[in-house]
Amino acid sequence: MKNTKVIVVVLIAIALVGILASVFMKKKPGVTSRATVPTEQTQRGDNGSDEESFVGNIYDLLERGETVTCTFYSEDQGSKIEGTVYVSGKNSRSDIIATNTDGTVIENHSIIKDEMMYMWSSDREEGMKLTMPKNEAELEENLPDETDTTPKVDAKAVMEKLNYKCNPWKVDQRLLDIPNDINFVDLTKQMEELQMNQVKEACAMCDEQADADAVAQCKKILNCQ
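Residue numbers (my numbering): 637 to 861.
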């Protein structure tokens, strides 16, 4: 686990739990930022309570299709994350607090609703949204690379297996409402536009081939319009 690990939230929330970054997200001044097949273990709580212990990640929780609220805590190498996840069928919300080794505390939030993931945090002016990744590989592909101008995102953290303690939850729909006072950057749309631009550039390079046959073959391979 990295010092700046936060769950998105997804995270994927933790959604992800937490999680959150895009080169288009603006940092607030004066604030310091940050698959294997899972095993599942459930254990009935003490004294006949309804509490269950569950080891897995956000995808595993959603696959269960239950209506529960779960808490978790994880600490490693001086950094820690703790939070609460609310799950209603295929929708969820994650509220996570990440504390780095330098004492920096960041609140991360994410909502998965209608196959979309919305993420925001206390150290960013904007949130981001993207189509809910189907698995870890797709999540890593859609999240932006780390740079000096983006918060550090550890996609593995979103998929990390955690020890949840879950109880039945009487759904409070307000917790699953998307905040209307936050501007969510559409990361999925931006990734699609980026891919389109890359294809256009590659197709343009086909015109530099030596002869007409090579140009045609190049454009056929790339499915150029």
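Glycine included, every Cβ here is placed at the ideal spot set by N, Cα and C.
Look up residue i in the DSSP assignment and give the residues it is bridged to.
i, result
"Lys749", "Met752"
"Tyr722", "Thr705 and Arg729"
"Tyr800", "Phe690"
"Asp696", "None; Asp696 has no bridge partner."
"Val741", "Thr735"
"Lys716", "Glu711 and Thr735"
"Ser757", "Asn744"
Taking DSSP as the reference, what is the three-state secondary structure of residue i?
i, result
"Ile818", "coil"
"Ala846", "coil"
"Glu688", "strand"
"Thr824", "helix"
"Lys806", "coil"
"Glu676", "Residue placement at Glu676 cannot be trusted, given a pLDDT of 40 that sits under 50; the coordinates are not used to answer."
"Val851", "helix"
"Cys839", "helix"
Under 8 angstroms, do residue i and residue j count as touching if we go by C-beta distance?
i, j, result
"Leu698", "Met764", "no"
"Pro804", "Asp686", "yes"
"Leu811", "Arg729", "yes"
"Thr801", "Cys706", "The question names Thr, but residue 801 in the sequence shown is Lys. Closer than 8 angstroms, so yes."
"Val807", "Ser715", "no"
"Ile748", "Ile732", "no"
"Phe820", "Tyr722", "no"
"Met752", "Thr767", "yes"
"Gln845", "Cys839", "no"
"Phe708", "Gly719", "yes"
Tell me the residue span of the beta strand (DSSP E) that contains residue i.
i, result
"Leu766", "Gly763 to Thr767"
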